[in-house]
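Scroll down for the structure; my scribbles are underneath it.
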Amino acid sequence: MKLKLNRKQGGATLALVAATGSILALVVAGICVLAMILGGGREINNATDAGALNVGKKIFTDAAFKVKRDRSQYNDVSDKNGEFGLANINAVWGRALLAQANAAHMQEEGLAGNALQDADRLFSEAESINDELARKLQDQRRKAPIFEELAQQNSLRMLGAEVQIRASGDEQGWGVSLMDRGRSSNLEVPTSDLLPAEAQYQSLAVHEGKIPGYTPLQVGRKTFCFVPFVEKERNHLVSISEFNSNTLAAKPLNGPDWRIPIPNAYSCQGTCVDKLNLKHVATACVLTNPQKDYKLSMPHTFIHIRLEKNEAKWLFNSPDPRIGGFDVALVEKESRYPNRLTLSNKSGEGGSALDGDLKANLLPLGKEYTLTPTLDKAIFGSELEAGDSRKLEKALLVRVNQMLSKPGKKASAADLHALLSRAETGAAMQDGEDQDYYVYSADGAELAVSRKADALARAPWLAELIANEADGQEANSYARLTSELILPPGIVMIDPLPGANIVVPPFGRMNIEINDKWQPGSGYDGCLGRLRVCHKSTIMLWGVAVVPAAPGAGGLVKRVFDAIF
């Protein structure tokens, strides 16, 4: 009996051991499956993160996310391929903002002309570029191949040797978000002289020297909004909860509607089916940053300066009973800007003549005929002039700063006057040829002023723009400066009357008027303004006519004085 009992106990033990082994095998298998699932989950998460970061990187460079425009008003802020994308969309809106500010200020001065309509055209084109870009950035089909490009390089061996991640077809997994609201964009504002001085244009809430992002700004008649890209931040992953709390649906933008906002954050979703036929899904969110700054600017623009012919009016007063006072005009002659003037026309019927050449070292007409003439003297005169030119100086300073597109570059009033005082331009003023000058920046970093041929050689992009006119109205006298010079005896020798020559050197005074006529431009078609500089000199001389006239006497006197001087 005892032996039989032992046999029964041994069989039960074997059955228990077998059952325990089976359970342990199942537990081990379950642990392996769990480890595979957990490890595979980490693998798919890593692959999804890699794919999302690749989307965040290539969303700035891939042609699928670029907008192309032929003959666009924004070609000067396009990328090296002539396209617009997430990196430079703020530069597009910045150009539109400056045009709107210029036009609105011109309207306040009563000089708007066509500027408001032109600024609105620029705004409409910016909207068109913005809307097309926004749709491309939201398009899952454009992001999916870029996501898979890098995500599929990550191993999913824990889920199966043949398992490969794919971009999910669920639109909810491919959302966009507007993050870092109120933080700085990549659009720099290095100086207040980029905008008119009035408070409404200076009220940009600049953050860390840049325009803030996702903060609607009212300029002129339009509302502008920019994309924040915080300086020195790289593309990086963000949590799904933070991403979702900043979507447009969850958190609308304050102020007027931005029709189709440009997003700066993107969610990507990957999926796969493992060898057990289990479906895995992972989502990653990336906040983008091009790490490239732009300056609020209108790069391919210029100012046209035209030196009009000078007007010189000569009046002579003599004791001779045949004439009266200063109401007798010997000659009224328009002249160019050469340093040597020839005034030889007769005045009236058989009237007197200015005999031969009037030398600049005898009587300079206006301050530009000094030994060192410059554009600055022609426009702003010197410390002798009475009048206020600060408004003109500000208008020119605002616009030259709008030409400078390289971040960190700005011009002061002193820089403007130094530009207009360059010796090579002053030398060009004396040759009597073309007196049209252009202010521009060939590279967005340095200002230049030169005649047309030189300007086109330095800045070839000017060829399509230089004939364009400013779209505002001309102010007849934007700056009017006057001065008076006392002329000591011996300044000039003239033959004032028929039959008489001056032998006692005349003396008198000269009144000078500088009239700067400014026609502002919004920047549409490239022209930021035209300045016409008009000088008028009135010379009043006194002398005594004592020598009877003789044939050729005037020429003789001229030769005598040529020898003296």
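To convert a position in the sequence shown, counted from 1, into the working numbering, add 164.
Even glycine gets a Cβ: it sits at the ideal position worked out from N, Cα and C.
| Query | Result |
| --- | --- |
| When you compare only the Cα positions, how much space is there between glycine 545 and asparagine 679? | 10 Å |
| Do you know how far the Cα of serine 701 is from the Cα of glutamate 677? | 6 Å |
| In chain order, what residues of the same chain have a beta carbon less than 6 Å from the beta carbon of alanine 298, not counting five sequence neighbours either side? | Ile424, Ile426 |
| Could you tell me how far apart the beta carbons of alanine 429 and serine 569 are, in whole angstroms, since I believe they sit closer than 8 Å? | About 28 Å; that fails the 8 Å criterion. |
| Looking only at its own chain, which residues have a Cβ that is under 6 Å from the Cβ of valine 231, when we skip the five neighbours before and after it? | Phe248, Ile293, Glu296, Leu297 |
| Quick one: what's got a C-beta closer than 8 Å to arginine 615's C-beta in the same chain, skipping five residues either side? | Ala592, Asp598, Asp600, Tyr601, Tyr602 |
| Taking contact to mean at least 3 C-beta pairs separated by less than 8 Å, is the region 607-621 in contact with the region 562-577? | yes |
| Roughly how many whole angstroms lie between the Cα atoms of alanine 578 and threonine 646? | 22 Å |
| Spatial neighbours of leucine 649 within its chain, please: C-beta separation below 6 Å, excluding the five flanking residues on both sides. | Met674 |
| Just the C-alpha distance for lysine 222 and leucine 442, rounded to the nearest angstrom, thanks. | 31 Å |
| Helix, strand or coil: how does DSSP classify arginine 285 here? | helix |
| Are lysine 574 and threonine 355 touching if we call contact CB-CB under 8 Å? | yes |
| For serine 605, which option in Leu320, Glu372, Ile375, Asp240 has the closest C-alpha, if you only look at C-alpha atoms? | Asp240 |
| Would you report the Cα separation of serine 242 and lysine 386, rounded to the nearest angstrom? | 22 Å |
| Does the count of Cβ pairs from the region 396-416 and the region 313-321 closer than 8 Å reach three? | no |
| Would you tell me roughly how many angstroms separate the C-alpha atoms of leucine 359 and alanine 559, rounded to the nearest one? | 9 Å |
| Is there a Cβ from chain C that is less than 8 Å from the Cβ of valine 383? | This model lacks chain C altogether, as it is built from one protein chain only. |
| Relative to the C-alpha of asparagine 254, which candidate in Gln271, Ser348, Ala279, Ala363 has its C-alpha closest? | Ser348 |
| Three Cβ pairs or more, each shorter than 8 Å: is that satisfied between the region 680-693 and the region 465-472? | yes |
| For the candidate residues Ile310, Gly636, Arg644, whose alpha-carbon lies nearest to that of arginine 694? | Gly636 |
| Within the continuous beta strand (DSSP E) that includes glutamine 145, where are the two ends? | With the chain represented from 165 up to 729, any question about residue 145 goes unanswered, as that position is not in the structure. |
| Any idea if glutamate 326 is buried or exposed, counting beta-carbon neighbours within 10 angstroms, 16 or more meaning buried? | exposed |
| Quick check: the Cα distance between asparagine 218 and arginine 586, rounded to an integer number of angstroms? | 51 Å |
| For the candidate residues Lys456, Gln594, Tyr642, Glu395, whose alpha-carbon lies nearest to that of asparagine 252? | Lys456 |
| How would you label threonine 536, buried or exposed, when you count the other beta carbons within 10 angstroms and need 16 or more for buried? | exposed |
| List the DSSP bridge partners of proline 376. | Ser348 |
| Enumerate in chain order the residues of its own chain whose CB-to-CB distance from asparagine 210 is below 6 Å, with the five nearest sequence positions on each side excluded. | Asn318 |
| Quick one: what's got a C-beta closer than 7 Å to aspartate 234's C-beta in the same chain, skipping five residues either side? | none |
| For glutamate 472, which three-state DSSP category applies? | coil |
| Going by DSSP, what residue range makes up the beta strand (DSSP E) through histidine 444? | 443-451 |
| Within the continuous alpha helix (DSSP H) that includes threonine 387, where are the two ends? | Looking at the DSSP string, threonine 387 is not in any alpha helix (DSSP H); the run it does join, the beta strand (DSSP E), is 386-388. |
| According to DSSP, which residues form a beta bridge with asparagine 254? | Answer is none; asparagine 254 lacks a bridge partner. |
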